[in-house]
Structure formats: C-alpha cells, structure tokens
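If you read the sequence shown in my numbering, its first letter stands for residue 2, the second for the next number, and so on. Built from N, CA and C at the ideal position, the CB exists for glycine as well. Every value quoted in this text rests on a predicted model; they were computed, and no experiment measured them. One structure below.
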Amino acid sequence: MIIVMKVGSPEAEIDRVNQELQTTWNLTPEKIVGKHKVVIGLVGETADLDPLQLREISPFIEDVLRVERPYKRASREFHHGEASEVAIPTPAGTVHFGEHYPLVVVAGPCSVENEAMIIETARRVKAAGAKFLRGGAYKPRTSPYAFQGHGESALELLAAAREATGLGIITELMDAEDLPALGKVADVIQVGARNMQNFSLLKKVGAQDKPVLLKRGMSATIEEWLMAAEYILAAGNSNVILCERGIRTFDRRYTRNTLDLSVIPVLRTLTHLPIMIDPSHGTGLAEYVPSMALAAIAAGTDSLMIEVHPNPAKALSDGPQSLTPERFDRLMQEMAVIGKVVNRWPQAEPALV
Ligand code: PEP
Ligand code: MN
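Below, the structure written as structure tokens:
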C-alpha cells in the first residue's frame, strides 16, 4: 500500500504521519522521496487496512493506493511511477544506471583466466568505452568437470585490473561464504541465472551494501524475477539492476537461449529498477551478439553486458559467444549510432590538450 502526500506537504507533517503509522497503526512505513512528491510505502500485512481510514491521518494525504502486485518495493508505483537509478562509485568516477542516464556498457571475459588476459581485456574494453569489467572468479558450470573458475586468486586479478584501468568490477557470487572476499573487489555483485531463486543468497546480498546485478533465471517468469529482486530490496539493499540473459525455449540447435527483448518495455511499466541486457548468454554465438545489442539499445535498455575475450577460440568458458576486442571495438561504434538516435549515448569526454 502507498500513501501519496500532497505536493508541498510540510516535512514535519510527513514525519508526523510516519510516526502515527508506527505507533498507532503498528506499521513499518518507508518514506520515498520523489522529484515532486513524497510517498510513504507500507509493506507486510496490509490487506485488512482501510484506505479511507488511513486518509484521515492527515489533510496532506492526497491518496492511499493499494499495490496489487505481489512485489511491492520493486514495483513502479512504489517509486512514484518513476525510474530509479543505481549510482556506483568506480575509480574513474560515479557511473549511473537508469532510464534517465546514458547507456552503460559492461564487458569482459566469461571467466578470469590469468593476469595477462584480464589486464589486456580490461584495457581494450576500457579504450572502446566500457565502464565496467566483468569476469567470473567462481563459475556456475553445468558439468562438475568443466573449469570452475580460479576463485580467490581470480579476485586478486580483478582487483589488479581495476587498479590498472579504473574500470568498475562486476563478478558473480555463488556461495555466501565468499561474500567478504568478493565484496572487497566487486563494485557490483552478480547473482547468476542459476541462483536467481536461491533465497538465502538473495537475503545475504540484500543485507550488504554493494549493488546487485540480478540475472533472470533461465526459466523464470517476469514475476518470479521481480519477486527475487523484492527479496534483495526487502533485506535493505535498494541497488538492484535486472539483467535479461535469455530464457530457455525449444530451439537448442541454432541459439543457446532465446533473448527476451520484450522485457525492456514490460519491465518499464512494472518496475523502477534499471535494466541490463546480456546478448552474449542470450544468443550463445558471437555472430549474433551485435544485432541483439543494437536492438536492445533501440528498445531502450539502460545497459549491456557483453563477453569479450582476447582469444575466444582458447577461452576456458563461453568462447563461442565471446567477441574479440577488435569486434567489440567495432560494435561500440555501431552502438554509438543507435545510442545517439535514442539519446542514450554518453557524451565524448573532452580531449585532453
Ligand atoms: C555469466 O555471466 O558468465 C553467467 C554464468 O551468466 P548466467 O548466470 O546468465 O548464465
Ligand atoms: Mn559466461
């Protein structure tokens, strides 16, 4: 349920309403300050509350609305019907993810293999315009015999790449035990498709401060995905980015997954959270990544995640879907064309003289 305060409501009155909701009504209100108005969100056992009675609390209450959806904090209504932003400090400055900001590109290998390759990839994607380096230290693999990632030593290599380039780091957390070490290096913690409904992991990443990139489970409905985000938000972390990475449909021969680009306009109406598209896992083949990346920008995504490897043929994981740095560089130029048309391309930084 949300209580919408009138424009220009005095701060003291908003505080009084908050207080009364807690003491008289035994509720846990949450104040959400928007561009023009303040709304007070109420989650939990609100089914029996009478909106008309709540309205009586203050003449400054404009409306009391029920959020009919099962996800509350993730719902667009809960955020004034506006998009929220996730602002992430990186060594090279704060990067904003959200509908009102330029497109953010995240790039890098599927897994961190060794120092030379991660530093080289970081330098190349940075030069092409990426703002974040991705790379797995802990890899969720279908086979226990496949490369599982180098673990903690790979985290150190990511830290070195961050230091060398100023790029932010996004890396996947599979086990809550690794959170302290991973949290020291990652600017964004990735929860992978296979863990989207690992509720105890969601609660744990929700209870810490680093922003979370929540990938869509390969067979998850949009509602299940948003409920997973709700777990993180409910645990106290409001910085969640949703990443579509393809869902499983019936064709396994020509594409790895079916990239559901329709989630972009759908999520826009349902949630305020920023959106990322991963055409690499979404298609599974490097040759299809560029067209899906361009389509995602045209459809209004806030960010893209693209796998890049200096030598895809030798990659320890996801080589077939990884772009070479050269192809990635060219793709960035192609993306700039569409990005400018939809007014989401970052301004070129002034050349140093
Ligand atoms: C990855 O990003 O390398 C990855 C394993 O992704 P997903 O969880 O989407 O399969
Ligand atoms: Mn991968």
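With a threshold of 7 Å (Cβ to nearest heavy atom), would H151 be considered close to ligand 2?
no
Leaving out five residues before and five after R67 in sequence, what residues of the same chain have Cβ atoms less than 6 Å from its Cβ?
M2
Taking 7 Å as the limit between beta carbons, can you name the residues of its chain near H37, skipping five residues before and five after?
V8
How would you label K205, buried or exposed, when you count the other beta carbons within 10 angstroms and need 16 or more for buried?
buried
Below 8 Å on the Cβ atoms is my contact criterion, and I expect V105 with D303 to pass it. Report the Cβ-Cβ distance as a whole number of Å.
7 Å
Report whether the distance from the Cβ of H273 to the nearest heavy atom of ligand 1 is below 7 Å.
no
With a CB to CB cut of under 7 Å and the five nearest residues on each side skipped, what residues in its chain are close to S112?
G136, G137, K140, F148, G150, L317 and S318
Three-state secondary structure assigned by DSSP to Q191:
strand
In the structure shown, what three-state DSSP assignment does V68 receive?
coil
Measuring CA to CA, which of D330, T172, A88 and G207 is closest to L134?
T172
For T272, is the classification buried or exposed, using 16 other Cβ atoms within 10 angstroms of its Cβ as the cut-off for buried?
buried
Going by alpha carbons, who is nearest to E178 out of L202, A194, G193 and M197?
L202
Could you say if the region 7 to 27 and the region 48 to 60 meet the contact criterion of at least three C-beta pairs nearer than 8 Å?
yes
Pick from Y102, G94 and E14: whose alpha carbon is nearest that of I276?
Y102
What whole-angstrom Cβ distance do T91 and G42 have, given they're in contact under 8 Å?
No, T91 and G42 are not in contact; Cβ-Cβ is about 30 Å, not under 8 Å.
Please list the segments of the alpha helix (DSSP H) lying wholly inside the region 150 to 204, counting only runs of 4 or more residues, in order along the chain.
153 to 166 and 180 to 186
Is C111 near ligand 2, with its Cβ less than 7 Å from a heavy atom?
yes
I'd like to confirm the pairing. Which residues does DSSP put opposite M88 in its beta bridges?
One point to set straight first is that residue 88 is Ala, not Met, in the sequence displayed. For A88, which the question treats as bridged, DSSP gives the partners H97.
May I ask you to report which of helix, strand or coil DSSP gives P266?
helix
What's the call for R254, buried or exposed, on a 16-neighbour Cβ count within 10 Å?
exposed
Cβ-based neighbour list, G99, same chain, cut-off 8 Å, excluding 5 preceding and 5 following
A84, S85, E86, V87, P275 and D303
Taking the DSSP output, what are the residues bridged to G42?
I3 and E31
Helix, strand or coil at L317 according to DSSP, with G and I counted as helix
coil
Whole-angstrom Cβ separation of V264 and I223, contact assumed at under 8 Å?
6 Å
Residue range of the alpha helix (DSSP H) that F329 falls in?
P326 to V342
Out of curiosity, what's the CA-to-CA distance linking V186 and M333?
26 Å
Closer than 6 Å by C-beta to A300: which residues in its own chain qualify, once you throw out the five before and the five after it? Chain order, please.
L262 and I265
Cross-strand partners of F133 (DSSP beta bridge):
V107 and G169
Cα-Cα, which of E116, S144 and A123 is closest to E157?
E116
Measuring only from the beta carbon, is H282 closer than 7 Å to any heavy atom that is part of ligand 1?
yes
In angstroms with no decimal places, state the Cα-to-Cα distance between G109 and K73.
34 Å
If you run the structure through DSSP and keep just helix, strand and coil, what is V113?
coil
I'd like the span of the beta strand (DSSP E) that includes M277, first residue to last.
I276 to I278
Tell me E245's beta-bridge partners as DSSP assigns them.
I278
Close Cβ partners of N196 (< 6 Å) along its chain, the five nearest in sequence each way excluded:
L202
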